[in-house]
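Enquirer:
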Amino acid sequence: MRTLLPGLLAGALALAAAAHAQSDDIAVSLAWTRAVGATAPTAVGYLTLRNSGSNPDRLISAETPAARAVEIHEQRREEGVMRMRPLPDGVSVPPGETVTLGPGGTHLMLVGPTRALARGERVSLTLHFERAGQVHVELSVEAAGTRQPAHAGH
């Protein structure tokens, strides 16, 4: 058991770190998605972005091998109706601020998933920022219908 403990600890730390990523100024945390079947037309990606730098940045695109394309979308209520629209200019991340991409608001739309996403899996995602460049993160796959990731309160 003693020889197993370091390996288990390293694995747990790697899993915790996978949902968190950082460039020099941009930190990504609480990165997650919901489980979908193999024939789902879309999936979603949620995460929190923190800009600790002194310059504004912008999330301009993303990509994952788990979908044909990733689009940045906004969902908002207009005249009593929820509407979704793409944000072709991306999402601004002002200096010193935190921006959350979450259910019912701004999110990543994973268009044409290439496979089923099963609860407990991790999905590789590359975010592209105007200033910070590429930031690699893994989305934890939560149960279908989940409104927040299991690790949100930890």
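Using mature numbering (1 follows the signal peptide of the UniProt record, and there is no 0), the letters of the sequence shown map in sequence onto residues -21 to -1, 1 to 133. From the three backbone atoms N, C-alpha and C, an ideal C-beta is built for every residue, glycine too.
(1) Whole angstroms is fine: what's the gap from Ser119's alpha carbon to Glu58's?
(2) By the three-class DSSP mapping on this structure, what secondary structure does Asn30 have?
(3) Taking C-beta to C-beta, are Met88 and Val7 nearer than 8 Å?
(4) For the beta strand (DSSP E) that Thr18 lies in, which residues bound it at each end?
(5) Hey, could you find the ends of the beta strand (DSSP E) Arg37 is sitting in?
(6) Does the structure place the region 89 to 97 close enough to the region 59 to 76 that three or more beta carbon pairs sit under 8 Å?
(7) Please report how far the alpha carbon of His115 lies from the alpha carbon of Leu104, in whole angstroms.
(8) Quick one: what's got a C-beta closer than 7 Å to Asp36's C-beta in the same chain, skipping five residues either side?
(9) Under the assumption that Glu121 contacts Arg13 (Cβ atoms under 8 Å), give the Cβ distance between them as a whole number of angstroms.
(10) Can you give me the Cβ contacts of Ala10 inside the same chain, cut-off strictly under 6 Å, excluding the 5 residues immediately before and after it?
(11) Residues in the same chain with beta-carbon distance under 6 Å from Glu100, minus the five sequence neighbours each way, listed in chain order, please.
(12) Going by C-alpha to C-alpha distance, which of Pro65, Pro74, Leu96, Met61 sits closest to Pro44?
Expert: On the basis of the coordinates in this document:
(1) Whole-angstrom Cα-Cα distance: 34 Å.
(2) Correct three-state label for Asn30: strand.
(3) No. Outside cutoff.
(4) Here Thr18 belongs to no beta strand (DSSP E), and DSSP marks it neither H nor E.
(5) Where Arg37 is concerned, the enclosing beta strand (DSSP E) stretches over 36 to 42.
(6) No, because fewer than three Cβ pairs between the region 59 to 76 and the region 89 to 97 fall closer than 8 Å, the two stretches do not touch.
(7) Spanning the two alpha carbons is a distance of roughly 6 Å.
(8) The residues are Asp4, Ile5, Asn30, Val72, Phe108, Glu109, Arg110, Ala111.
(9) That belief holds up - the Cβ atoms of Glu121 and Arg13 are roughly 6 Å apart, short of 8 Å.
(10) Here the set comprises Ala(-3), Leu26, Val116, Leu118.
(11) Only Val120 meet the Cβ criterion.
(12) Minimum Cα-Cα distance from Pro44 among the listed residues Pro65, Pro74, Leu96, Met61 corresponds to Leu96.
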